[in-house]
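Structure, as structure tokens:
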């Protein structure tokens, strides 16, 4: 782990900031803190954080607005940490470029795991042609998927879907995002077909399709690949 | 306030000053005012006769009569003339004019006499009343009851004023009646009728409108029913032969049938005669030009047809054809065109068919007789038919209105909630009155709301709202076509209920109501107001219920929740204090950490439940259905309850052909979460919890079964009640979980049933109506 990794926390609650500071520093991150959206934007520009944890309910601005402004130039992961737990809020934040969304109260273990996934993903510049998840290997250029060294037959759509999810490992992709990426703008309302494809895909690649490990459902929001 | 009878400057709140005074009085302020004798409505006719000048600014007699006290300001004519000439009344120029015209000495004397007499009458009446009061207790009545029959002619105004004066001096009750007969009113006539009825209202006379073909029997029937002692009618005008026949008939019959009721017949004066002519005859020609042309065309067409056939049918049969035509025409046209059709066809028959042809000359005497008979039969037939038709039209309109009211009542009865009522009301106004409207209701604080109801089709300006407020406070109509704030473009009517005004309806009237329409409109409004009143009562009752419920809720909340909240907080606080202050061995510390974690989870669950409950209570649960794979739901729930389920065996049963269903994922997940959690809290550890999900003919079925103690029979009723907790329930739990389940299921139009399993344990079955994905459409999404 790079000792220079700084995480910026934008949250107006002192207690949450303190909890995060303790937890994150204990895990080797450097911490930068801001209690308002305005300060947050300044800190983001000056401290070069590898990841930003953003609260939506800020005293001076709506967190979504801050998210939008950050996304104009900030390309690294942003994780939303908010008490707002409605599906609309979550989807809105994800659609505006948040990498992940956790609702308060949260388990610190889960937050750390999400942070690790997000950082690993954004720093992964290897552009490796193959992705490996345990016994599952996805060979991107040749469109081949192997499980336990056996080739799994996938239709080209199934492969695109799997590749899209796998490339965004750990990240929640909303239904609409997936539909748009795979099938295009005209199919964004056809969520039932997405369900059908996911069920097929699970049958093919999961050890136990009824208890998926790789293709996880985020209720009402979308899918997340891997844990 | 000086000059009670004057008209206000345009743009004022009221047209007339006396309306301002009335409003001031209604607000509890006494008013001293002055009025000249020539401005009294009932005297204006006499004033016009004496002075030759029609006074336009008049004061309704009712207002004069209701004055608490009247004091006469008397002055001798000479003194008044002197004041005038000294310029104390008008500017010198106007004074001269006034002296020459209105204020001539003779006129002043006559007016003075009138004033003295009015005041004397009033004093006389006071004395009379006083004496009566001393002798008998209770209100005294003269026993006289006047019924004045009015119609659509200007004479009726004189009739009304005269009758009013008579009733005043007799101390009698007075009522007016208008009989809607088969006579088709022209535009001017119906305007005059409105004026007459309004005048009656101004004079404080109630007008009843009756529909009857026979005017005499309508008047007499009504008089008898109302115990009238005097009937006052105007002398009918002689217009033509028919009218003359009818006149004799009218007066004779009225006298014959009225029995012991006195009948006054008032002559007409020149004024009304002159106006009468140009008022009635002109429009009946111009307005029907098209009808006349059509009639001429049809008569000619029929004649030509008959002419071609005359060799086969003979000239006498032709008359039947023409007669037939005239009768048919009578169904569609008024009496004017029918007269023309009868005359024209008689001439044509004579000219073209009766030998010698192409002359008006007739050889045979029987043909002359036939021609005369033809003309009379055609005319009578036509006029009778058209009269029957007009009568029938009127009855039909009445029937339609009754039907409309009935429909409205019916639809209103099934409506619930203000919004629905407003929508129905606006819809009916549009349908039956042909104008757009908006309804504003009162608020709970008995002020007028500041927004219009749903379904309203016009947008109101700030000005409109202030007019509406006036209407609401004063219970009178205002706006366009009224005397109050007439400058706007809308008319506002109060929605009057028994317990005050329910609100205001704003209408975009295109013209003034005719009398019949106004009655219909009033009946309409009273239906709507009545419904609103019932709705307000209902919502008040509901509010009371909610209030008492919320008090109960508060108490339970206080008892149950305060306990539930404090326990985990106490745990967290205690454990963390201990950890901070003392250096315990690592093992103890770990135990304390675990306690804190468990307490936090418990606290979090309670907060979630409370938040969900409040979402449910406030009605903010709006399902957002999306296609769901129920496997996902089951997995998520099992995942979330991992630690609770450690000691149980969860068996999930989903048929392999389970389709995708359209439901709210989050709500269903929460429902199953609570039910399974409930099972883990009630069933002994090590037992099996079954989750069964399947699709059954339009319904999604969810079943959760455990091997716990089940329910006692009495308990089954309360399982889903808020804060109800099972008798042997373990500590921890608020009795909210199952009521949330029920709320969430209900939010998706589903039902939930709790029952005992055959071999022990509880079973919850949920049925939610759902759509399933049509997998045949799958091809739509390209592979």
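Protein chains in written order, with our numbering: chain A, 275 to 501; chain B, 5 to 787. For glycine and all other residues, C-beta sits at the position ideal for the given N, C-alpha and C.
Selected residue, minimal CA-CA separation from residue i, among the options
{"i": "residue 304(B)", "options": "334(B), 346(B), 339(B)", "result": "346(B)"}
{"i": "residue 174(B)", "options": "234(B), 203(B), 207(B)", "result": "234(B)"}
{"i": "residue 410(A)", "options": "403(A), 402(A), 423(A), 417(A)", "result": "423(A)"}
{"i": "residue 236(B)", "options": "207(B), 178(B), 194(B)", "result": "178(B)"}
{"i": "residue 300(B)", "options": "324(B), 328(B), 342(B)", "result": "342(B)"}
{"i": "residue 370(A)", "options": "389(A), 349(A), 382(A)", "result": "349(A)"}
{"i": "residue 426(B)", "options": "382(B), 517(B), 393(B), 444(B)", "result": "444(B)"}
{"i": "residue 497(B)", "options": "111(B), 312(B), 473(B)", "result": "473(B)"}
{"i": "residue 295(B)", "options": "344(B), 262(B), 309(B)", "result": "344(B)"}
{"i": "residue 603(B)", "options": "389(B), 577(B), 100(B)", "result": "577(B)"}
{"i": "residue 514(B)", "options": "438(B), 12(B), 476(B)", "result": "438(B)"}
{"i": "residue 6(B)", "options": "590(B), 600(B), 24(B)", "result": "24(B)"}
{"i": "residue 85(B)", "options": "222(B), 186(B), 99(B)", "result": "99(B)"}
{"i": "residue 387(A)", "options": "374(A), 379(A), 378(A), 397(A)", "result": "374(A)"}
{"i": "residue 510(B)", "options": "97(B), 227(B), 467(B)", "result": "467(B)"}
{"i": "residue 121(B)", "options": "30(B), 78(B), 452(B)", "result": "78(B)"}
{"i": "residue 547(B)", "options": "166(B), 448(B), 114(B), 647(B)", "result": "448(B)"}
Beta-carbon gap between residue i and residue j smaller than 7 angstroms
{"i": "residue 693(B)", "j": "residue 710(B)", "result": "yes"}
{"i": "residue 448(A)", "j": "residue 330(A)", "result": "no"}
{"i": "residue 462(B)", "j": "residue 482(B)", "result": "no"}
{"i": "residue 376(A)", "j": "residue 344(A)", "result": "no"}
{"i": "residue 724(B)", "j": "residue 742(B)", "result": "yes"}
{"i": "residue 669(B)", "j": "residue 773(B)", "result": "no"}
{"i": "residue 291(A)", "j": "residue 307(A)", "result": "yes"}
{"i": "residue 430(B)", "j": "residue 460(B)", "result": "yes"}
{"i": "residue 317(A)", "j": "residue 282(A)", "result": "yes"}
{"i": "residue 746(B)", "j": "residue 756(B)", "result": "yes"}
{"i": "residue 469(A)", "j": "residue 664(B)", "result": "yes"}
{"i": "residue 405(B)", "j": "residue 524(B)", "result": "yes"}
{"i": "residue 634(B)", "j": "residue 673(B)", "result": "no"}
{"i": "residue 708(B)", "j": "residue 695(B)", "result": "yes"}
Residue span of the beta strand (DSSP E) that contains residue i, given as start and end
{"i": "residue 215(B)", "result": "210-215"}
{"i": "residue 383(A)", "result": "Here residue 383(A) belongs to no beta strand (DSSP E); instead the alpha helix (DSSP H) covers 382-397."}
{"i": "residue 490(A)", "result": "489-492"}
{"i": "residue 268(B)", "result": "266-270"}
Which residues DSSP lists as bridging residue i, in chain order
{"i": "residue 343(A)", "result": "According to DSSP, which records beta bridges pairwise, residue 343(A) is partnered with nothing at all."}
{"i": "residue 700(B)", "result": "703(B)"}
{"i": "residue 500(B)", "result": "505(B)"}
{"i": "residue 364(A)", "result": "Its beta-bridge partners do not exist; DSSP assigns none."}
{"i": "residue 306(A)", "result": "282(A)"}
{"i": "residue 375(A)", "result": "354(A)"}
{"i": "residue 407(A)", "result": "410(A)"}
{"i": "residue 149(B)", "result": "177(B)"}
{"i": "residue 632(B)", "result": "665(B)"}
{"i": "residue 769(B)", "result": "707(B), 757(B)"}
Residue-level contact to chain C via CB, residue i, 7 angstroms cutoff
{"i": "residue 777(B)", "result": "Absent from the structure is chain C; the protein chains it does hold are A and B."}
Opening and closing residue of the alpha helix (DSSP H) in which residue i lies
{"i": "residue 167(B)", "result": "159-174"}
{"i": "residue 674(B)", "result": "669-686"}
{"i": "residue 468(B)", "result": "466-478"}
{"i": "residue 441(A)", "result": "430-441"}
{"i": "residue 653(B)", "result": "Residue 653(B) -> not in any alpha helix (DSSP H); beta strand (DSSP E) instead, spanning 653-657."}
{"i": "residue 355(B)", "result": "No alpha helix (DSSP H) contains residue 355(B), which DSSP labels as neither H nor E."}
{"i": "residue 33(B)", "result": "From DSSP, residue 33(B) is part of no alpha helix (DSSP H); its letter is neither H nor E."}
{"i": "residue 603(B)", "result": "590-621"}
Distance cut-off 6 angstroms: residue i Cβ against heavy atoms of the ligand COA
{"i": "residue 500(A)", "result": "Because no ligand of any kind appears in the structure shown, any question about the ligand COA cannot be addressed here."}
Self-check item: Members of the region 451-474 of chain B near chain A, C-beta cut-off 7 angstroms
Solution: Those residues of the region 451-474 of chain B that come within reach of chain A (Cβ to Cβ, closer than 7 angstroms) do not exist; the list is empty.
Quiz item: Which residues, in chain order, does the region 621-632 of chain B contribute to contact with chain A at a C-beta distance below 9 angstroms?
Solution: When C-beta distances to chain A are compared with 9 angstroms, the residues of the region 621-632 of chain B below that value are 628, 630, 631, 632, in chain order.
Self-check item: Positions along the region 355-376 of chain A whose CB lies within less than 7 angstroms of some CB in chain B
Solution: Here the close residues are 361.
Practice problem: Check distances from the C-beta atoms of the region 502-530 of chain B to those of chain A and list, in chain order, the residues that come in under 9 angstroms. | Solution: Residues passing the 9 angstroms Cβ filter: none.
Practice problem: Check distances from the C-beta atoms of the region 636-658 of chain B to those of chain A and list, in chain order, the residues that come in under 7 angstroms. | Solution: Cβ contacts with chain A: 636, 639, 640.
Exercise. Quick one: which residues of the region 664-679 of chain B get their C-beta closer than 7 angstroms to a C-beta of chain A? List them in chain order.
Key: Cβ contacts with chain A come from 664, 669, 670, 673.
Exercise. Residues of the region 595-612 of chain B with a CB closer than 8 angstroms to any CB of chain A: list them in chain order, please.
Key: Cβ contacts with chain A: 604, 608.
Exercise. With 9 angstroms as the C-beta to C-beta threshold (strictly closer), list the residues of the region 467-488 of chain A near chain B in chain order.
Key: When C-beta distances to chain B are compared with 9 angstroms, the residues of the region 467-488 of chain A below that value are 467, 468, 469, 470, 471, 472, 473, 476, 483, 484, 485, 486, in chain order.
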